[in-house]
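Structure first, commentary second.
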Amino acid sequence: MTDDKPHIMLVEDENHLARGICFNLEEEGNRVSHFETAERAIEALEIERFDLVILDVMLPGMDGFHACRAIRNLDPRVPVLMLTARSEDADRVEGLENGADDYLAKPFNLVEFLLRVKGMLRRSSWYRPEPVEEGYQFGDNVVFLLSYRAKTAQGEIDLTEMEVRVLSLFFQKEGRPVQRGELLQSVWGYSSDTETRTLDNFIVRLRKYFEPDPSHPRHFQTVRGVGYRFSRFGG
Ligand code: CA
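Here the sequence shown stands for residues 6 to 240, where the numbers follow the numbering used here.
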């Protein structure tokens, strides 16, 4: 029997919380594999594929930040949602720098959590790749959305599912400002104007990959009070 339910990996050492999360995610039609340590989770990733990883930061043994890096080495694409213990910015930034795609501070609201998971599981619907892939070129970069790769001035890199979604949207709207709310909604599945730094930290990451001088961005421009604009030719 084939099982086409989304397969979610949950790495969480608090069993009480983990049971609640598993129950609710399964109610929503997902299959969940729960691991109490990062080490166990990484072993499982070596043999199995997952559609989403939910990763607690504070774990016995290897912590969530190191785990995220290890997970990225095994599966560069899988969306990673980090559960941070504190609501401090430093934790969020560190998570996103280590390759996570979003974070949620504990204790979190269940409805918000489930919405976030749903958003991250949804495949990019606006993106219809050509059978033979032609790279999207800008500056010194060529991006291959279909194969989740990019050639940059610093060498070749792997892109995550969420990075591919953000880039697809920017390429589609080249030269036009894209509102924060639209980016958060189409890429992460946020329902409303949730206050979050995820997007901004994500842009920092893209600038590091693709900008010759990330502190003076030419391609990924901030549009004050609105959001961001991608400019192919840097003007
Ligand atoms: Ca924990």
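Using N, Cα and C, we set each Cβ at its ideal position, and we do this for glycine too.
Element boundaries [beta strand (DSSP E), containing residue i]
i: Glu161; result: Gly160 to Asp163
i: His12; result: His12 to Val16
i: Gly144; result: Gly144 -> no beta strand (DSSP E), and no H or E assigned at all.
i: Val58; result: Leu57 to Asp61
i: Ala72; result: Segment Gly69 to Leu79 is the alpha helix (DSSP H) holding Ala72; no beta strand (DSSP E) there.
i: Ala110; result: Asp107 to Ala110
Residue i: first and last residue of the uninterrupted alpha helix (DSSP H) it sits in
i: Asp205; result: Thr203 to Phe215
i: Leu30; result: Asn20 to Glu32
i: Gln177; result: Glu166 to Gln177
i: Leu150; result: Taken as a continuous stretch (DSSP letters only), Leu150 belongs to no alpha helix (DSSP H), as it is neither H nor E.
i: His224; result: No alpha helix (DSSP H) contains His224, which DSSP labels as neither H nor E.
i: Phe235; result: Segment Gly232 to Phe235 is the beta strand (DSSP E) holding Phe235; no alpha helix (DSSP H) there.
i: Val122; result: Leu115 to Leu126
i: Arg36; result: Arg36 -> not in any alpha helix (DSSP H); beta strand (DSSP E) instead, spanning Arg36 to Phe40.
i: Leu188; result: Arg185 to Leu188
Between the CA atoms of residue j and residue i - distance to the nearest angstrom
i: Arg45; j: Glu31; result: 21 Å
i: Thr203; j: Leu189; result: 9 Å
i: Leu119; j: Asp106; result: 16 Å
i: Tyr33; j: Glu138; result: Looking at the sequence shown, residue 33 is not Tyr but Glu. Between Glu33 and Glu138, the C-alpha separation is close to 35 Å.
i: Val148; j: Cys73; result: 23 Å
i: Met167; j: Leu101; result: 12 Å
i: Gly144; j: Gly194; result: 30 Å
i: Asn35; j: Gly25; result: 14 Å
i: Glu99; j: Phe70; result: 7 Å
i: Leu109; j: Ile47; result: 21 Å
i: Ala75; j: Met67; result: 10 Å
i: Tyr132; j: Ala49; result: Low confidence applies to Tyr132: its pLDDT is 47, below 50, so where it sits in the model is not reliable, and the reading given next is rough at best. Near 30 Å, if we compare the C-alpha coordinates of Ala49 and Tyr132.
i: Met14; j: Lys156; result: 30 Å
i: Ile208; j: Val62; result: 22 Å
i: Val171; j: Ala43; result: 28 Å
Residue environment, residue i, which counts as buried when at least 16 other CB atoms sit within 10 Å
i: Ser130; result: Because the pLDDT at Ser130 is just 42, under 50, the model does not fix this residue reliably, and the value given afterwards should be weighed accordingly. The residue is exposed, with fewer than 16 neighbouring Cβ atoms inside 10 Å.
i: Pro65; result: exposed
i: Ala158; result: exposed
i: Glu17; result: buried
i: Val37; result: buried
i: Thr227; result: exposed
i: His224; result: buried
i: Phe28; result: exposed
i: Arg54; result: exposed
i: Ala90; result: exposed
i: Gly124; result: buried
i: Met6; result: Residue placement at Met6 cannot be trusted, given a pLDDT of 46 that sits under 50; what the coordinates show is reported in the next sentence. Classification for Met6: exposed.
i: Ser191; result: buried
i: Glu216; result: buried
Nearest neighbour of residue i, chosen from the options [CA to CA]
i: Leu79; options: Glu51, Ser236, Glu168 and Asn146; result: Glu51
i: Asp163; options: His21, Tyr214, Gln142 and Ser38; result: Tyr214
i: Asp9; options: Gly25, Asp61 and Leu126; result: Leu126
i: Asp40; options: Tyr195, Asn20 and Arg54; result: In the sequence as presented, Asp is not what sits at residue 40; that position holds Phe. When only C-alpha atoms are compared, the closest one is Asn20.
i: Gln142; options: Glu179, Thr89 and Ala49; result: Glu179
i: Val169; options: Arg237, Pro222, Ile59 and Val83; result: Val83
i: Leu88; options: Leu60, Glu216 and Gly104; result: Leu60
i: Tyr153; options: Pro81, Leu86, Pro11 and Gly104; result: Pro81
i: Arg121; options: His221, Arg210, Val58 and Arg237; result: Val58
i: Asn103; options: Leu15, Thr165 and Asp56; result: Thr165
i: Val85; options: His12, Pro217 and Ala155; result: His12
i: Phe238; options: Asp205, Asn146, Asn206 and Leu22; result: Asn146
i: Leu151; options: Glu161, Val171 and Gly140; result: Gly140
Review point. Using 8 Å as the Cβ pair cut-off and three pairs as the minimum, do the segment 171-187 and the segment 109-119 touch?
Key: Put simply, the segment 171-187 does not touch the segment 109-119. Fewer than three CB pairs are less than 8 Å apart.
Exercise for review: Decide if the segment 222-234 is in contact with the segment 183-196; the criterion is three or more beta carbon pairs, one per stretch, under 8 Å apart.
Suggested key: Touching, yes.
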